[in-house]
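K.L.:
Here it is: the structure, laid out below.
In my numbering, the protein residues as written are 539 to 970.
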C-alpha cells in the first residue's frame with residue numbers, strides 16, 4: 539500500500555471512524571443535512587463538501603477535478619467551500635456520476651470555468667426524461683416528503699447540462715499527470731451511473747452506484763415514480779467495482795468508507811442479497827407463482843439481511859417481476875382494458891347491503907388487525923358513500939396500524955402513510 543493511501547486512511551479514521559458510518563445512515567436525514575457545509579479533507583489531495591449529497595474536489599499539479607456538484611439549494615455554500623480549497627488552480631474537469639438533481643443541480647457556479655464535462659452516454663436522455671415529467675414528479679415528491687422538504691425544494695429545476703465526453707463503458711483521462719478512469723456502473727439509481735477510479739491512490743468515487751446509503755437493499759422501485767432499476771446491470775457494476783480493489787470508497791451521500799476488506803464486504807453483501815432476490819423471483823415466476831405470492835414469500839435469509847429503510851425486498855421482487863413481464867399479469871381480462879375494478883365498487887357496496895354494511899366489515903377487519911383488508915373494504919364503502927364517517931374512520935385506523943407496524947422503518951412508506959393519514963383526518967374534520 540502506498541504512503542498516500544496510508545495517510546488517507548489515517549485521516550479518515552480520525553475524522554469519521556472506519557466502518558461506523560454505514561450503520562447509522564438514514565435517507566430521511568439527507569433532506570435536512572447541509573445547514574452548514576465545509577470542505578473536509580478525506581485524502582491528502584481530496585476534499586469533500588457534504589450536504590444533501592456529496593461533491594468532491596481532487597487536487598492535481600495542473601488544476602482540480604470536481605466530481606458531482608450537490609443540490610441547487612446548497613450550491614452557493616458547496617461552491618464556496620470547495621473553491622476556497624482550489625485556490626487559484628483552474629477547474630479542468632467535472633464528472634457527473636448520474637443525472638439525479640441532488641448531484642447535478644448545483645452545477646451553475648462551476649460552469650463559468652468551462653471545464654470538460656464527463657458523464658454517461660445515457661446522461662442526456664435521463665435529463666430529458668426528468669425534464670419531461672418535472673411537474674408530475676414535483677407533485678409526487680411533495681406528497682412523500684412534505685414532512686421534511688419545503689415546497690420550493692420539491693420543485694428543484696432540472697439543469698440543462700451538455701457533457702463534452704459521453705462514456706459508454708470506460709473513459710480514461712489525465713490531469714496534472716494523475717490518471718482518472720471513468721467506469722460505467724449502471725444499476726441502483728438508474729442506467730446512467732458512472733464511478734471514478736484513481737488507480738494510483740486506490741480511491742473509488744462510487745456516486746450512488748449502491749444507492750444513497752450503504753448496507754441497504756437497493757431501491758429497485760421508487761414511490762416517487764421513476765423507471766424500474768435493473769438488477770443484473772447492478773450486479774455487474776458491483777463486480778466491476780470489486781475488481782478495482784479500492785482502499786477508499788467515496789459515496790454520493792454520507793461519509794466515506796475506508797479499508798479494502800470493509801469495502802469488499804459491503805459490496806459483496808449487497809451483491810449477494812440482490813442476486814438472491816433476483817434468482818428466487820425468477821425461479822418463482824418459472825414455477826407459475828404470481829407476483830403477490832412472490833412478494834410475500836421472497837425474503838432475505840438472516841446472513842444476507844440488509845436495511846430496508848429506503849428500498850424494500852418486496853418492492854424489488856415486484857420490480858424484477860414487472861421489468862421482465864410488463865403490467866399484464868394474466869389474472870383478469872379486464873387488465874387489458876380501461877375500466878378499473880373500482881368502477882364497480884359502488885355496485886358491490888349496494889349488493890353487500892350498502893356502504894354502512896361494508897364499513898362495518900372494514901371496522902371488523904381493523905379490530906382483527908387486518909389493516910390491508912380493511913383498507914380494501916373501506917375503499918369500496920367510500921366509493922358508494924364518500925362521506926361515510928365509519929368508512930373513513932376504518933380507513934384512518936387501518937392506516938395508523940400500518941404506520942405503527944412500520945414505525946418509520948421505511949422512509950418512503952412513512953412519507954406516504956403520513957400523507958394519507960393527514961388526508962383522511964382532513965376529510966373527517968370536514969364532516970364534524
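For glycine and all other residues, C-beta sits at the position ideal for the given N, C-alpha and C.
For clarity, every value in this text was computed on a predicted model and none was experimentally measured.
What is the rounded straight-line gap between the Cα of residue 967 and the Cα of residue 922?
P.N.:
20 angstroms
K.L.:
Among the residues of its own chain, which have a CB less than 6 angstroms from the CB of residue 560, if the five just before and after it don't count?
P.N.:
Because residue 560 carries a pLDDT of 44, less than 50, the predicted location of this residue cannot be relied on, and the following value inherits that uncertainty. Excluding its 5 nearest sequence neighbours in each direction, residue 560 has C-beta neighbours in its own chain below 6 angstroms: 752 and 753, listed in chain order.
K.L.:
Where does residue 486 fall in DSSP's three states?
P.N.:
Since the displayed the chain opens at 539 and closes at 970, residue 486 lies outside it and no answer follows.
K.L.:
Since residue 915 contacts residue 900 with CB under 8 angstroms, what's their CB separation in whole angstroms?
P.N.:
Distance from residue 915 to residue 900 at the Cβ level is roughly 4 angstroms; contact confirmed, criterion being Cβ atoms closer than 8 angstroms.
K.L.:
Note down, one range per segment and in chain order, each alpha helix (DSSP H) of at least 4 residues found wholly within the region 898 to 929.
P.N.:
909 to 922
K.L.:
Buried or exposed: which applies to residue 664, given that a residue is buried once 16 or more other Cβ atoms fall within 10 Å of its Cβ?
P.N.:
buried
K.L.:
What is the DSSP secondary structure of residue 634, counted as helix, strand or coil?
P.N.:
coil
K.L.:
Are residue 860 and residue 836 close, meaning C-beta to C-beta below 8 angstroms?
P.N.:
No, these two residues do not count as a Cβ contact at 8 angstroms.
K.L.:
Among 745, 740, 582 and 632, which one has its Cα closest to the Cα of residue 732?
P.N.:
745
K.L.:
Measuring CA to CA, which of 567, 604 and 599 is closest to residue 577?
P.N.:
604
K.L.:
By the three-class DSSP mapping on this structure, what secondary structure does residue 872 have?
P.N.:
Here residue 872 carries a helix assignment [DSSP, helix/strand/coil].
K.L.:
Given that a residue counts as buried once 16 or more other Cβ atoms are within 10 Å of its Cβ, and exposed if not, what is residue 862?
P.N.:
exposed
K.L.:
For residue 830, which of helix, strand or coil comes out of DSSP?
P.N.:
helix
K.L.:
May I ask which residues mark the beginning and end of the beta strand (DSSP E) holding residue 971?
P.N.:
Outside the displayed span of the chain (539 to 970) sits residue 971, for which this structure offers no information.
K.L.:
Can you check which of these residues, 593, 628 and 622, is closest to residue 612 by C-alpha distance?
P.N.:
593
K.L.:
Would a C-beta distance cut-off of 8 angstroms place residue 747 and residue 775 closer than the cut-off?
P.N.:
yes
K.L.:
Please name the residue or residues paired with residue 735 in a DSSP beta bridge.
P.N.:
719 and 742
K.L.:
Could you compute how far the alpha carbon of residue 912 sits from the alpha carbon of residue 878?
P.N.:
Take the alpha-carbon of residue 912 and the one of residue 878: they are about 20 angstroms apart.
K.L.:
Quick test of the definition: if touching needs 3 or more C-beta pairs under 8 angstroms, does the region 641 to 655 touch the region 614 to 627?
P.N.:
yes
K.L.:
When the distance is taken between beta carbons, is residue 720 closer than 8 angstroms to residue 705?
P.N.:
yes
K.L.:
For residue 816, tell me which candidate among 758, 785, 778 and 840 has the shortest Cα-Cα distance.
P.N.:
758
K.L.:
Helix or strand or just coil, what does DSSP make of residue 942?
P.N.:
helix
K.L.:
Do residue 930 and residue 955 have their CB atoms nearer than 8 angstroms?
P.N.:
No, the Cβ-Cβ distance between residue 930 and residue 955 is not below 8 angstroms.
K.L.:
Hey, residue 779 and residue 795: beta-carbon distance below 8 angstroms or not?
P.N.:
no
K.L.:
Ignoring anything shorter than 4 residues or poking outside the region 838 to 867, list the alpha helix (DSSP H) runs there in chain order.
P.N.:
851 to 863
K.L.:
Output needed for residue 949: all residues of its chain with C-beta closer than 8 angstroms, excluding positions within five of it in sequence on either side, in chain order.
P.N.:
Around residue 949: 564, 565, 566, 847 and 848.
K.L.:
To the nearest angstrom, how far is it from the Cα of residue 717 to the Cα of residue 651?
P.N.:
21 angstroms
K.L.:
For the alpha helix (DSSP H) that residue 816 lies in, which residues bound it at each end?
P.N.:
798 to 824
K.L.:
Roughly how many angstroms separate the alpha carbons of residue 655 and residue 698, rounded to a whole number?
P.N.:
12 angstroms
K.L.:
Taking Cβ positions, are residue 945 and residue 904 nearer each other than 8 angstroms?
P.N.:
no
K.L.:
Residue range of the alpha helix (DSSP H) that residue 770 falls in?
P.N.:
Judged by DSSP secondary structure, residue 770 falls within the alpha helix (DSSP H) whose first and last residues are 769 to 782.
K.L.:
Straight-line CA distance for residue 674 to residue 958?
P.N.:
18 angstroms
K.L.:
Give a yes or no on whether 8 angstroms exceeds the smallest Cβ distance from residue 823 to chain B.
P.N.:
The chain labelled as chain B is not found in the depicted structure, where only one protein chain is given.
K.L.:
Name the DSSP beta bridge partners of residue 712, please?
P.N.:
717
K.L.:
What do you reckon, are the CB atoms on residue 730 and residue 791 nearer than 8 angstroms?
P.N.:
no
K.L.:
Could you check the C-alpha separation between residue 582 and residue 739 for me, to the nearest Å?
P.N.:
Roughly 10 angstroms between the two C-alpha positions.
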